[in-house]
Structure formats: structure tokens, C-alpha cells
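*Asks:* The sequence shown begins at 86 in the numbering used here and counts up by one. This is the structure I want to talk about, given as C-alpha cells.
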Amino acid sequence: MMDSLRARFRALRRRGHRWLSGHPRLQRVLEVSGSLRSHPEAIARGVAVGLFVGLTPTVGFQTALMITACILVAGNFPAAFAVSWISNPFTMAPLYWGFHSIGMTAVAVWPGPLPPADAWFFQGVGDELIFTGVGSLLVAIPVSVGGYFLTHRLTALLARRRSVAR
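Structural data, given as C-alpha cells:
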């Protein structure tokens with residue numbers, strides 16, 4: 086199992102290096118900003134960014150958002166890119182349906198003051214977008230925070246094992 090995971094990781098890494106070699110300006114910005122570092126903190130930040138962006142309805146803008154966020158937080162961009170595929174063409178419909186359901190429930194039980202139900206942004210497509218956005222944030226924030234801590238712990242453990250093995 087670990088061998089297949091290692092092989093998959095190497096393939097993804099090669100693919101990422103090939104893509105970056107075709108975009109030298111972006112590669113330089115990512116290197117200067119620290120977004121290509123591979124220490125546990127950078128990888129954990131990258132995973133958090135990738136999970137957050139992957140679990141929000143940002144299709145079409147995901148790569149640009151991840152690059153920007155990884156530059157801002159010095160997260161590992163390849164890690165962010167890899168985990169952002171949690172939302173892909175096969176999982177997008179169930180994810181967005183779930184986000185919409187969670188958002189609709191959250192807005193319905195919201196204890197604070199809400200705008201009237203006939204407000205312009207709650208009519209037609211607006212309410213669907215608001216519900217989906219709220220639901221995705223309610224899922225993306227805790228998942229990305231949990232992903233950060235879990236990844237940090239796992240990558241630190243792997244780094245210690247590698248240093249002991251050497």
C-alpha cells in the first residue's frame with residue numbers, strides 16, 4: 086500500500102514539476118515566496134489552503150486562489166494543488182448538494198437578525214448561491230483547520246522517521 090502511495094506521489098510530483106517548468110515566472114514567484122518548501126509547516130499550510138479552496142464553490146478560479154493563498158501564507162503549492170482535487174467533476178455535484186443543504190439549514194436556524202425573506206438576494210438564484218456559499222464555508226473551515234493539524238503532525242513524524250533511518 087505504501088509503495089503505491091509513494092509511486093502516486095512521485096508521479097504527481099513529476100507532473101507538477103513539468104507544469105511549473107512551463108511557467109517560469111510563476112515558478113520564480115513560488116520559490117521566492119517559499120511556496121515550494123517541503124518542511125512540515127509549509128506542507129500543512131498548503132494542505133489547509135487546498136482543502137479550503139477545494140471545498141468552496143470556486144470552480145474555474147481554484148488554481149489562481151491557491152497560488153495567491155500559498156504565496157500569502159507560505160504554504161506548499163503542490164500540496165495545495167493535490168488536495169484541492171477533493172472537488173473534481175465526479176464529486177462536485179454531491180459536494181455542492183451537501184453544501185446547499187447545510188447552508189439552507191444554517192440560515193433557517195440562524196439566531197441573529199436576518200434580512201427579510203423577500204430581500205433581493207434571497208430571490209431566485211441568489212438564495213441558492215448564498216445557501217451553497219454558507220454551507221461550503223461551514224464545511225471548509227473546520228476541515229481545512231483539521232487538515233492543517235493532521236498534516237503537520239504526519240509530515241513531522243515522517244521527517245523524524247527519515248532522519249532516524251539515515
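Cβ coordinates follow ideal geometry from the N, Cα and C atoms, glycine included. Keep in mind the model is a prediction, meaning the values are calculated, not measured.
Can you tell me where the alpha helix (DSSP H) with T148 in it begins and where it stops?
*Replies:* Looking at the DSSP string, the run of the alpha helix (DSSP H) that includes T148 is 147 to 158.
*Asks:* Between which two residues does the alpha helix (DSSP H) holding H102 run?
*Replies:* 87 to 106
*Asks:* Do S120 and I171 have their CB atoms nearer than 7 Å?
*Replies:* no
*Asks:* Using C-beta distances below 8 Å, list every residue in its chain close to I226, excluding the 5 sequence neighbours before and after it, in chain order.
*Replies:* F137
*Asks:* Span of the alpha helix (DSSP H) holding T190?
*Replies:* Where T190 is concerned, the enclosing alpha helix (DSSP H) stretches over 177 to 193.
*Asks:* Leaving out five residues on either side along the sequence, give the residues of the same chain with a beta carbon under 7 Å from the beta carbon of G231.
*Replies:* none
*Asks:* Pull up the CB-CB distance for G188 and G160, whole angstroms please, since I reckon it's below 8 Å.
*Replies:* Cβ atoms of G188 and G160 stay farther apart than 8 Å, at about 26 Å.
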